[in-house]
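Start counting the sequence shown at 706; every next residue gets the next number (the numbering used here). C-beta: ideal position from N, C-alpha, C; glycine also. Here the structure comes first, spelled out in C-alpha coordinates, and everything after it is commentary.
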Amino acid sequence: MEYIATQRLARMATVAVDGQPDVAPVGFRFDGTDFFVGGRALRRTLKYKNVKTAPLVALALDDFTTGERLSPRGLKIHGHGEVVERPEGGEWIRITPKRSWSWGIEEPTFQGDDYVITSRP
706 MEYIATQRLA RMATVAVDGQ PDVAPVGFRF DGTDFFVGGR ALRRTLKYKN VKTAPLVALA
766 LDDFTTGERL SPRGLKIHGH GEVVERPEGG EWIRITPKRS WSWGIEEPTF QGDDYVITSR
826 P
(Lines of atoms letter the chains of each structure in order from A and count residues from 1; the text may use other names and numbers.)
(Lines give C-alpha, C1' and ligand atoms only; values in the text may rest on other atoms or scores of the structure.)
Protein backbone atom coordinates (compact mmCIF):
# COMPACT_ATOMS: atom_id res chain seq x y z
CA MET A 1 0.00 0.00 0.00
CA GLU A 2 2.81 2.42 0.90
CA TYR A 3 4.60 1.74 -2.38
CA ILE A 4 1.44 2.28 -4.45
CA ALA A 5 0.88 5.64 -2.72
CA THR A 6 4.32 6.83 -3.92
CA GLN A 7 3.58 6.07 -7.57
CA ARG A 8 1.78 8.38 -9.98
CA LEU A 9 2.26 6.57 -13.29
CA ALA A 10 1.60 2.98 -14.39
CA ARG A 11 1.54 1.05 -17.63
CA MET A 12 -1.73 -0.62 -18.57
CA ALA A 13 -1.86 -3.51 -21.03
CA THR A 14 -5.01 -4.60 -22.86
CA VAL A 15 -5.75 -6.86 -25.81
CA ALA A 16 -7.78 -5.94 -28.89
CA VAL A 17 -10.41 -8.21 -30.41
CA ASP A 18 -7.91 -9.22 -33.14
CA GLY A 19 -5.39 -10.31 -30.47
CA GLN A 20 -3.10 -7.30 -30.81
CA PRO A 21 -1.70 -6.28 -27.39
CA ASP A 22 -1.53 -2.61 -26.47
CA VAL A 23 0.26 -0.91 -23.59
CA ALA A 24 -0.25 2.69 -22.51
CA PRO A 25 1.16 4.87 -19.73
CA VAL A 26 -1.67 5.89 -17.40
CA GLY A 27 -2.33 7.86 -14.27
CA PHE A 28 -4.39 5.97 -11.73
CA ARG A 29 -6.19 6.06 -8.42
CA PHE A 30 -6.23 3.23 -5.90
CA ASP A 31 -9.02 2.81 -3.33
CA GLY A 32 -7.35 0.07 -1.33
CA THR A 33 -8.94 -2.69 -3.40
CA ASP A 34 -9.25 -1.62 -7.04
CA PHE A 35 -7.31 0.62 -9.39
CA PHE A 36 -9.10 3.28 -11.44
CA VAL A 37 -7.82 4.67 -14.74
CA GLY A 38 -9.44 7.70 -16.30
CA GLY A 39 -8.24 10.13 -18.86
CA ARG A 40 -9.12 12.78 -21.31
CA ALA A 41 -11.41 11.55 -24.10
CA LEU A 42 -11.33 8.07 -22.53
CA ARG A 43 -13.94 6.66 -24.93
CA ARG A 44 -11.62 7.30 -27.90
CA THR A 45 -8.68 5.35 -26.43
CA LEU A 46 -7.65 1.81 -27.30
CA LYS A 47 -7.62 0.84 -23.62
CA TYR A 48 -11.31 1.81 -23.32
CA LYS A 49 -12.31 0.00 -26.53
CA ASN A 50 -10.25 -3.07 -25.64
CA VAL A 51 -11.63 -3.38 -22.09
CA LYS A 52 -15.19 -3.20 -23.47
CA THR A 53 -14.53 -6.26 -25.66
CA ALA A 54 -11.78 -8.16 -23.77
CA PRO A 55 -11.71 -7.39 -20.04
CA LEU A 56 -8.39 -9.06 -19.14
CA VAL A 57 -5.81 -6.40 -18.28
CA ALA A 58 -2.36 -6.05 -16.76
CA LEU A 59 -1.00 -3.08 -14.82
CA ALA A 60 2.65 -2.42 -13.94
CA LEU A 61 4.10 0.16 -11.54
CA ASP A 62 7.88 0.36 -11.24
CA ASP A 63 10.84 2.55 -10.40
CA PHE A 64 14.44 2.34 -9.14
CA THR A 65 15.94 2.88 -5.74
CA THR A 66 19.41 4.32 -5.55
CA GLY A 67 22.22 3.46 -3.22
CA GLU A 68 25.26 1.29 -3.44
CA ARG A 69 23.51 -0.70 -6.16
CA LEU A 70 20.76 0.56 -8.48
CA SER A 71 17.76 -1.65 -7.59
CA PRO A 72 14.53 -1.96 -9.57
CA ARG A 73 11.31 -2.39 -7.64
CA GLY A 74 7.76 -2.74 -8.79
CA LEU A 75 4.38 -4.35 -8.84
CA LYS A 76 2.68 -6.23 -11.68
CA ILE A 77 -1.03 -7.00 -11.56
CA HIS A 78 -3.22 -9.23 -13.71
CA GLY A 79 -6.88 -8.48 -13.36
CA HIS A 80 -10.29 -7.76 -14.76
CA GLY A 81 -11.14 -4.37 -16.25
CA GLU A 82 -14.54 -2.82 -16.66
CA VAL A 83 -15.88 0.63 -17.44
CA VAL A 84 -17.68 2.16 -14.45
CA GLU A 85 -19.18 5.49 -13.44
CA ARG A 86 -17.28 7.05 -10.51
CA PRO A 87 -19.15 9.02 -7.80
CA GLU A 88 -17.10 12.14 -8.57
CA GLY A 89 -18.28 11.88 -12.16
CA GLY A 90 -17.15 10.51 -15.47
CA GLU A 91 -16.32 7.08 -16.74
CA TRP A 92 -13.29 5.25 -15.45
CA ILE A 93 -11.78 1.84 -16.06
CA ARG A 94 -11.85 -0.14 -12.82
CA ILE A 95 -9.16 -2.81 -12.57
CA THR A 96 -9.91 -5.51 -10.03
CA PRO A 97 -6.67 -7.38 -9.26
CA LYS A 98 -6.74 -11.17 -9.49
CA ARG A 99 -3.00 -11.90 -9.08
CA SER A 100 0.04 -9.78 -8.35
CA TRP A 101 3.82 -10.00 -8.33
CA SER A 102 6.23 -7.61 -6.66
CA TRP A 103 9.97 -7.16 -6.49
CA GLY A 104 12.17 -4.92 -4.40
CA ILE A 105 9.31 -3.68 -2.20
CA GLU A 106 8.97 -6.08 0.74
CA GLU A 107 12.36 -7.70 0.25
CA PRO A 108 15.55 -6.51 -1.43
CA THR A 109 15.48 -6.87 -5.22
CA PHE A 110 18.59 -9.03 -5.17
CA GLN A 111 19.85 -11.62 -2.73
CA GLY A 112 23.41 -12.08 -3.90
CA ASP A 113 23.07 -12.47 -7.66
CA ASP A 114 19.52 -13.90 -7.45
CA TYR A 115 16.51 -11.78 -8.38
CA VAL A 116 13.67 -12.01 -5.80
CA ILE A 117 10.01 -11.94 -6.94
CA THR A 118 7.00 -12.31 -4.63
CA SER A 119 3.75 -13.67 -6.09
CA ARG A 120 0.26 -13.32 -4.58
CA PRO A 121 -2.97 -14.96 -5.76
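Note: E787 is bridge-paired with R799 in the DSSP secondary-structure output. In this structure, the CA atom of Q725 is about 14 Å from the CA atom of P760. Between the beta-carbon of G784 and that of K803 there is about 5 Å, and that keeps the pair under the 8 Å contact cut. For A763, the uninterrupted beta strand (DSSP E) segment begins and ends at L761 to T770. A residue is called buried when at least 16 other Cβ atoms come within 10 angstroms of its Cβ; T719 meets this threshold and is buried. Per DSSP, the unbroken alpha helix (DSSP H) holding L751 starts and ends at L751 to T758. Residue range L714 to V720 is occupied by the beta strand (DSSP E) that includes T719, with no alpha helix (DSSP H) assigned at that position.
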